[in-house]
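Novice: In terms of the numbering used here, the numbers along the sequence shown are unbroken and rise by one, the last being 980. Even glycine gets a Cβ: it sits at the ideal position worked out from N, Cα and C. Predicted model only: the values in this text are computed from it and were never measured. Below is a structure I'd like to ask you about.
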Amino acid sequence: MYITTFYSFKGGVGRTFALVNVATALARAGRTVLIVDFDLEAPGLQTFAELKPKKPSKGVVEFVSDYIAAGSTADVRDYVYETKGVAANGGRLWVMPAGTGDGNYRRQLSNIHWQTLYAEQNGYLMMEDLKAQWEDAFAPDYVFIDSRTGHTDVEGICTRQLPDAVVLLFFPNEQNLAGLAEVVEDIRSDRSRTDRLPKLHFVVSNVPELDDEDDVLKGSLQRFRKSLRFTSHNTIRHYPSLALVDQCIFVLNRPKSRLTKEYLKLKDTIILHNMRDREAAIDYLRQGIRPYGFRFESTKQDLERRLEEIRSYHPNDGEILFFIALLRRSEGRTDEALQLLDKAIDNGFEQGKVFLERAAGRLYTGDRSGAAEDALHALGLSNLSDTEVAKAARLLGMAEENRLDAVWECAALREIPVVQRGPIVQALMRFRRGLPSAIKILEFEIDQCSSHKGNAKSLLSLCLIGDGRFEEALQHLGVKHECLSKSNISDRFNFAMSTWAKSNAKPDELLNELGKYFERGSEDVPGDANYPQCCALVFAAIGNRDEAIKHALEAKRRIEKSGEMAFSCWRYLNALPKDFSEDCDAIIEFAKSGNPMPKFIAN
378 MYITTFYSFK GGVGRTFALV NVATALARAG RTVLIVDFDL EAPGLQTFAE
428 LKPKKPSKGV VEFVSDYIAA GSTADVRDYV YETKGVAANG GRLWVMPAGT
478 GDGNYRRQLS NIHWQTLYAE QNGYLMMEDL KAQWEDAFAP DYVFIDSRTG
528 HTDVEGICTR QLPDAVVLLF FPNEQNLAGL AEVVEDIRSD RSRTDRLPKL
578 HFVVSNVPEL DDEDDVLKGS LQRFRKSLRF TSHNTIRHYP SLALVDQCIF
628 VLNRPKSRLT KEYLKLKDTI ILHNMRDREA AIDYLRQGIR PYGFRFESTK
678 QDLERRLEEI RSYHPNDGEI LFFIALLRRS EGRTDEALQL LDKAIDNGFE
728 QGKVFLERAA GRLYTGDRSG AAEDALHALG LSNLSDTEVA KAARLLGMAE
778 ENRLDAVWEC AALREIPVVQ RGPIVQALMR FRRGLPSAIK ILEFEIDQCS
828 SHKGNAKSLL SLCLIGDGRF EEALQHLGVK HECLSKSNIS DRFNFAMSTW
878 AKSNAKPDEL LNELGKYFER GSEDVPGDAN YPQCCALVFA AIGNRDEAIK
928 HALEAKRRIE KSGEMAFSCW RYLNALPKDF SEDCDAIIEF AKSGNPMPKF
978 IAN
């Protein structure tokens, strides 16, 4: 249960209207919500057609009056009713009104002396009991309290004793600033709270939709931010519509309106700080894993307190444990992350991503067998994305490369459209033992998809050469010994390499033609590291030592700058930057001494 009070120092800012719309939005999103009308002098909740009870219902005033008369609290269920037709998706919406609104209500209200109630009749404990009864009787996800304006005894109950959060709505003028400053200071300095003080949400409301040419609004908001010490706020602009006269609940009846969008943003702001809300907790954790990190934790201690809060509310939620594990991995706390992943799986969270994350953690700690088993388990699951299958292939290759044949056989691959398997092929092309599976994937793609044959054929030639199937590569390329202008330079290069590897003798004529082409240069030169590396290997093979070294150094510069994996013609595999750079060093040595031979030939 998360209690949020909506408060405004002055009226006319749409406080009740905002509360009703946000509560309705939550109830329609599957949350259970109780709204309580504490604006006892001018109650407004029951004026909304969708919130009216079938018959007059007792509420806050009668509950307090009955307590004063009996000396004990009554059953709160007698003072609350449930609305019909508002909630959706499993949500529910209850209302605890101010009261019946009849003549007896006015008499009872006038007989409640709040100072006496708190000083002599244990009013504080009565309110604590009311709060406990809300949770026991209804177990609501959210309780929204509509507080009276101004400085009153009820205002203190609503803004300090009861809530976890307070939404402060204001029109940005000096009267509201002066009034809110005192309220905000009272909330922040309240020493009666033994738990965390309420979270404050500032909402500038009923703002005219006019050009602020003279920076009037901008200057006013700057004064509010400085005086009330806040950095962010929501805005609800003035909305000229007669639907407001009819008490229309916009999120229910006008879901696409601009006003509805502003209420939904306010809803998101409120739930973002409620770690009891499962979706809010997951959103919070996802935010922390992103590069820019958490937005509302200023210290490490604040973060740890928030994480402990999340775990206390969701101790056995597998998905939440998974996201906390991701966060711990990002902090370098791998052992703790692995324990959390184990617990996430034990609690039924068995999606592919949790096994892939555990595989990565196990690989990091040296448990290659465990990493391979997790990667294989993930590949056996359904609904994996192309990037997840690629990650599984990469992890499996790093753990136990000889088991990469499983990728072609896995259930996950069958569910991915043929044209979306590129990332998987690229992952497999990092490992010699991955090439047979990559070849099968590419052959299937060429057979099934006429529109994507070009790229698949190019990759297939690389994989065949890398796998040592040089005769097949030559047949696949089908390039005849003729002028370069009649064939793709990549195919000519690969044809020359296949010929070299098949015969174990340099094809001088082909290599010399390639050397002349590279010497002439081209306007259409790729900017990646592979191109100068290919140039370097050709120049080294034909004895042009200086050009070979120059291009190898350029390839090293490019790979260091990119920091990304690239295809290496020295080994005919995708290579990490470190390995690619070492291959360039090997080409330089080959240019100087004629040894060693390229890896794809030596293997």
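1) Start and end of the beta strand (DSSP E) containing Ala542?
2) Between the region 926–935 and the region 873–888, do at least 3 Cβ pairs fall closer than 8 Å?
3) For the alpha helix (DSSP H) containing Met504, list its first residue and its last residue.
4) Looking at the secondary structure, which residues open and close the alpha helix (DSSP H) in which Ala815 lies?
5) The alpha helix (DSSP H) spanning Tyr495 covers which residue range?
6) Between which two residues does the alpha helix (DSSP H) holding Arg469 run?
7) Restricting to Cα atoms, I'd like to know which of Phe386, Cys535, Ser634, Thr460 is closest to Val580.
8) Distance, Cα to Cα, Gly920 vs Lys883?
9) When DSSP builds the beta bridges, which residues end up paired with His578?
10) Which term fits Val593, buried or exposed, when burial requires 16 or more other beta carbons within 10 angstroms of its beta carbon?
11) Starting from Tyr949, follow the beta strand (DSSP E) in both directions and report where the run begins and ends.
12) Mapping the DSSP letters down to three states, classify Ser449 as helix, strand or coil.
13) Are at least three pairs of beta-carbons, each pair with one atom in the region 554–563 and one in the region 431–440, less than 8 Å apart?
14) Buried or exposed: Val915, going by 16 or more other Cβ atoms within 10 Å of its Cβ?
15) Measuring alpha carbon to alpha carbon, tell me which residue in Ala447, Ala514, Glu418 is nearest Asp479.
16) Could you tell me which of Val397, Ala496, Thr409, Asn499 sits nearest to Pro474, measuring between CA atoms?
17) Are the beta-carbon atoms belonging to Leu546 and Gly391 less than 8 Å from one another?
18) With 16 as the cutoff for other CB atoms within 10 Å, does His528 come out buried or exposed?
19) Can you find the residues in the same chain that come closer than 6 Å, C-beta to C-beta, to Glu778, ignoring five residues on each side of it along the sequence?
20) Applying the 10 Å Cβ sphere with the 16-neighbour rule, what's the burial state of Ala447?
21) According to DSSP, Arg614 sits in a beta bridge with which residue or residues?
22) If you draw a straight line from the C-alpha of Ile445 to the C-alpha of Ile380, how long is it?
23) Determine the closest residue to Asp694 out of Lys893, Glu656, Val902, Glu681, with distance taken between C-alpha atoms.
24) Going straight from the alpha carbon of Asn889 to that of Gly855, what length do you get?
25) How many whole angstroms separate the CB atoms of Cys625 and Tyr384, which I take to be in contact at a CB cut-off of 8 Å?
26) Can we say the region 763–779 touches the region 788–799, given the rule of at least three CB pairs closer than 8 Å?
27) On a Cα-Cα basis, can you pick out the residue from Asp868, Ala850, Ser867 that is closest to Lys879?
28) Over what stretch of residues does the beta strand (DSSP E) that includes Leu411 continue unbroken?
29) For Met806, which residues of its own chain have a beta-carbon under 8 Å away from its beta-carbon, when the five flanking residues on both sides are left out?
30) Just to confirm, is the Cβ distance from Thr711 to Gly738 under 8 Å?
31) State the start and end residues of the unbroken beta strand (DSSP E) segment that holds Thr876.
32) What is the rounded straight-line gap between the Cα of Glu505 and the Cα of Glu497?
33) Could you tell me the boundaries of the beta strand (DSSP E) in which Tyr379 lies?
34) Which residues in the same chain as Leu861 place their Cβ atom closer than 7 Å to its Cβ, once the five residues preceding and following it in sequence are excluded?
35) Return the bridge partner residues of Ile626 from the DSSP annotation.
Specialist: On the basis of the data shown:
1) Element bounds for Ala542: 542–547.
2) Counting C-beta pairs with one atom in each stretch, the region 926–935 and the region 873–888 have fewer than three that are closer than 8 Å, which means they do not touch.
3) Residues 500–515.
4) For Ala815, the uninterrupted alpha helix (DSSP H) run begins and ends at 812–825, by DSSP.
5) Note, Tyr495: alpha helix (DSSP H), 491–497.
6) Counting along the chain, no alpha helix (DSSP H) covers Arg469; the unbroken beta strand (DSSP E) around it starts and ends at 469–473.
7) For Val580, the nearest C-alpha among the options comes from Phe386.
8) Approximately 11 Å, taken between the alpha carbons.
9) Looking at the DSSP assignment, His578 forms a beta bridge with Val544.
10) Exposed: under 16 other Cβ atoms inside 10 Å.
11) Per DSSP, Tyr949 belongs to no beta strand (DSSP E) and is neither H nor E.
12) Collapsing the DSSP output to three states places Ser449 in coil.
13) Touching, no, given that fewer than three Cβ pairs across the two stretches are closer than 8 Å.
14) In the assembly as shown, Val915 is a buried residue. Its beta-carbon has 16 or more other beta-carbons within 10 Å.
15) The option with the nearest alpha carbon to Asp479 is Glu418.
16) Pro474 has its Cα closest to that of Val397, out of Val397, Ala496, Thr409, Asn499.
17) The beta carbons of Leu546 and Gly391 sit closer together than 8 Å.
18) Classification of His528: exposed, given that the 10 Å Cβ count is below 16.
19) The residues are Phe808, Arg810.
20) It is exposed - the Cβ of Ala447 has fewer than 16 other Cβ atoms within 10 Å.
21) DSSP, once it has assigned bridges, lists Val584 as partnering Arg614.
22) Computed Cα separation, rounded: 24 Å.
23) Per the Cα distances, Glu656.
24) Between the alpha carbons of Asn889 and Gly855 lies a gap of roughly 20 Å.
25) Actually they are not in contact, since the Cβ atoms of Cys625 and Tyr384 sit about 23 Å apart, beyond 8 Å.
26) Output reads yes: the region 788–799 touches the region 763–779.
27) If we check each option's Cα against that of Lys879, Ala850 comes out closest.
28) Its beta strand (DSSP E) spans residues 409–415.
29) The answer, listed in chain order, is Leu812, Ala815, Leu836, Leu839, Cys840, Gly843, Phe944, Leu950, Asn951.
30) It is a contact, given that the beta carbons lie within the stated cut-off.
31) Note, Thr876: premise wrong, no beta strand (DSSP E); alpha helix (DSSP H) at 866–880.
32) C-alpha separation (whole angstroms): 16 Å.
33) Judged by DSSP secondary structure, Tyr379 falls within the beta strand (DSSP E) whose first and last residues are 379–385.
34) Bear in mind that the predicted position of Leu861 carries a pLDDT of just 44, short of 50, making it unreliable; the figure below should be weighed with that in mind. Once the five neighbours on either side are set aside, the close Cβ partners of Leu861 are Arg869, Glu890, Tyr894.
35) Answer is none; Ile626 lacks a bridge partner.
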